[in-house]
Amino acid sequence: VDVSEVLVARRDEADRIEFIATIARDISDLNQAEEALRESEERFRTLVANIPGVIYRRLADEHWTLAFISEAVEDLTGYDAGEFLQRQRGEAPFTWLNLLYPGDRDSVLEKIQRSLAKRQQYALEYRIIRADGEVRWVLEQGQGVFDPEGYLSWLDGSLMDITQQKAAEGDLEASRQLLQVVLDNIPQAVFWKDRDLNYLGCNQAFAKATGLNDPAEVIGKNDFDMPWSKAETKWLRAGDQRVIEHNQPELNSVETQTRADGTEVWLDTSKVPLLDSNGEVIG
1281 VDVSEVLVAR
1291 RDEADRIEFI
1301 ATIARDISDL
1311 NQAEEALRES
1321 EERFRTLVAN
1331 IPGVIYRRLA
1341 DEHWTLAFIS
1351 EAVEDLTGYD
1361 AGEFLQRQRG
1371 EAPFTWLNLL
1381 YPGDRDSVLE
1391 KIQRSLAKRQ
1401 QYALEYRIIR
1411 ADGEVRWVLE
1421 QGQGVFDPEG
1431 YLSWLDGSLM
1441 DITQQKAAEG
1451 DLEASRQLLQ
1461 VVLDNIPQAV
1471 FWKDRDLNYL
1481 GCNQAFAKAT
1491 GLNDPAEVIG
1501 KNDFDMPWSK
1511 AETKWLRAGD
1521 QRVIEHNQPE
1531 LNSVETQTRA
1541 DGTEVWLDTS
1551 KVPLLDSNGE
1561 VIG
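Residue numbers (the numbering used here): 1281 to 1563.
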């Protein structure tokens, strides 16, 4: 049993101790509670330290002042957590808003405010400027915490560095655009479909033959939306199905095609299976 003890002594006029009173209190429960709190705090610190990203709590004040931010913020921003919290208390508060890329700031605040008004979680991508001037992309996810009267108290959330992901997306988009430029500048008509024979895309030559102004307009359409004759449509789709079902190309099939201007042409058509990364036929 843990005991807290207080001794009270009474003295006479000659300052001699006449008696001593002892007040003892069982503090076992208090010590256990304190130990449990210390263990809980240690588990929290361990958990936060191992989360791949930054955990924060921002107060719902004018500057969205940080009440807590995990140590991972240093890798992301170049400022350590202690410095971040200390700089907020200066005469010119330095807050998370100072890190936002100027071109993204208004959009970020608008999206967060809109989500909070609906009491919804938010997830948004934007750029920040590190202490060394480097620009990075982050994914922020969070939600508001409201008091019993419905007023916003603070925001709890997380931040992930997605700079490499955004760079990869940019490279992929550049590659896609380059491929589209190549396709649009060859005389052959090219298209691709899904397993249900709905068009996923085409090049400019194919769009022109079907009377479309832009290759993007073909997406979601099927052969029944095209100017082909009924017999041509049936023949085309039968060939598509064979390619998909047997995972085998059909090369140099000679067929007729009725175009948007009403003319009929003869085509030498080759079709190959469209495969995903696992080798499965997807179109």
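Think of the CB as a built atom: it goes at the ideal place given N, C-alpha and C, for glycine as much as any other residue.
These numbers come from a predicted model, not from an experiment.
### Message
Is the beta carbon of residue 1438 closer than 8 Å to that of residue 1421?
### Response
Translated into the one-based positions of the sequence shown, residue 1421 becomes position 141. Translated into the one-based positions of the sequence shown, residue 1438 becomes position 158. Contact check for residue 1421 against residue 1438 passes: the beta carbons are separated by less than 8 Å.
### Query
Considering only residues of the region 1416-1487, which uninterrupted alpha helix (DSSP H) runs meet the minimum length of 4 residues and lie entirely inside it, listed in chain order?
Residue ranges of uninterrupted alpha helix (DSSP H) with 4 or more members, entirely inside the region 1416-1487 and ordered along the chain, are 1443-1464.
#### Entry: Bridge-paired residues (DSSP) for residue 1537
Locating residue 1537 in the sequence shown gives position 257, counting from the first residue. In the DSSP assignment, the residues bridged to residue 1537 are 1545.
#### Entry: First and last residue of the uninterrupted beta strand (DSSP E) at residue 1334
Here residue 1334 refers to the residue found at position 54 when the sequence shown is read from its first residue. For residue 1334, the enclosing beta strand (DSSP E) covers residues 1334-1339.
### Task
Go ahead and label residue 1417 buried or exposed: buried means 16 or more other beta carbons lie within 10 angstroms of its beta carbon, across all protein chains shown.
Position 137 of the sequence shown holds residue 1417. Burial is judged here by how many other beta carbons sit within 10 angstroms of a residue's own beta carbon; residue 1417 has at least 16 and is buried.
### Task
Go ahead and label residue 1338 buried or exposed: buried means 16 or more other beta carbons lie within 10 angstroms of its beta carbon, across all protein chains shown.
Residue 1338 sits at position 58 when you count from the first residue of the sequence shown. Answer is buried; the Cβ neighbour count reaches 16.
### Task
Compare the C-alpha of residue 1498 against each of 1509, 1360, 1486 and name the closest.
Counting from one through the sequence shown, the residue named residue 1498 turns up at place 218. Checked all of 1509, 1360, 1486; the closest Cα to residue 1498 is 1486.
### Message
Starting from residue 1379, trace the alpha helix (DSSP H) in both directions and tell me its first and last residue.
### Response
Counting from one through the sequence shown, the residue named residue 1379 turns up at place 99. Counting along the chain, residue 1379 falls outside any alpha helix (DSSP H), and DSSP gives it neither H nor E.
### Message
Closer than 8 Å is the cut-off here; do at least three beta carbon pairs connect the region 1449-1456 with the region 1472-1489?
### Response
By the Cβ criterion, the region 1449-1456 is not in contact with the region 1472-1489, since fewer than three pairs of Cβ atoms, one from each stretch, lie closer than 8 Å.
### Query
Who does residue 1385 pair with in a DSSP beta bridge?
Counting from 1 along the sequence shown, the entry for residue 1385 is found at position 105. Paired residue(s): none; residue 1385 is not in a bridge.
### Query
So does the region 1383-1394 actually touch the region 1346-1354, counting three or more Cβ pairs closer than 8 Å?
No: fewer than three Cβ pairs fall under 8 Å.
### Query
With burial defined as no fewer than 16 other Cβ atoms inside 10 Å of the residue's Cβ, what is the status of residue 1543: buried or exposed?
The residue labelled residue 1543 in the question sits at position 263 within the sequence shown. Exposed: under 16 other Cβ atoms inside 10 Å.
### Query
Going by Cα to Cα distance, which pick from 1397, 1537, 1553, 1559 is closest to residue 1529?
Residue mapping note: residue 1529 aligns to position 249 of the sequence shown, counting from 1. Minimum Cα distance to residue 1529 is reached at 1553.
### Query
Given residue 1463, which residues of its chain have a CB within under 6 Å of its CB, disregarding the five upstream and five downstream residues?
Here residue 1463 corresponds to residue number 183 of the sequence shown, with the count starting at 1. So the list reads 1470, 1483, once near-sequence residues are dropped.
### Query
In whole angstroms, what is the alpha-carbon distance linking residue 1396 and residue 1494?
In the sequence shown, the residue the question calls residue 1396 occupies position 116. In the sequence shown, the residue the question calls residue 1494 occupies position 214. So the alpha carbons of these two residues sit roughly 40 Å apart.
### Query
Roughly how many angstroms lie between the CA atoms of residue 1474 and residue 1559, to the nearest whole one?
Within the sequence shown, numbered from 1, the residue matching residue 1474 stands at position 194. Within the sequence shown, numbered from 1, the residue matching residue 1559 stands at position 279. Computed Cα separation, rounded: 15 Å.
### Query
Since residue 1561 sits in a beta bridge, which residues does DSSP pair it with?
Counting from 1 along the sequence shown, the entry for residue 1561 is found at position 281. According to DSSP, which records beta bridges pairwise, residue 1561 is partnered with 1555.
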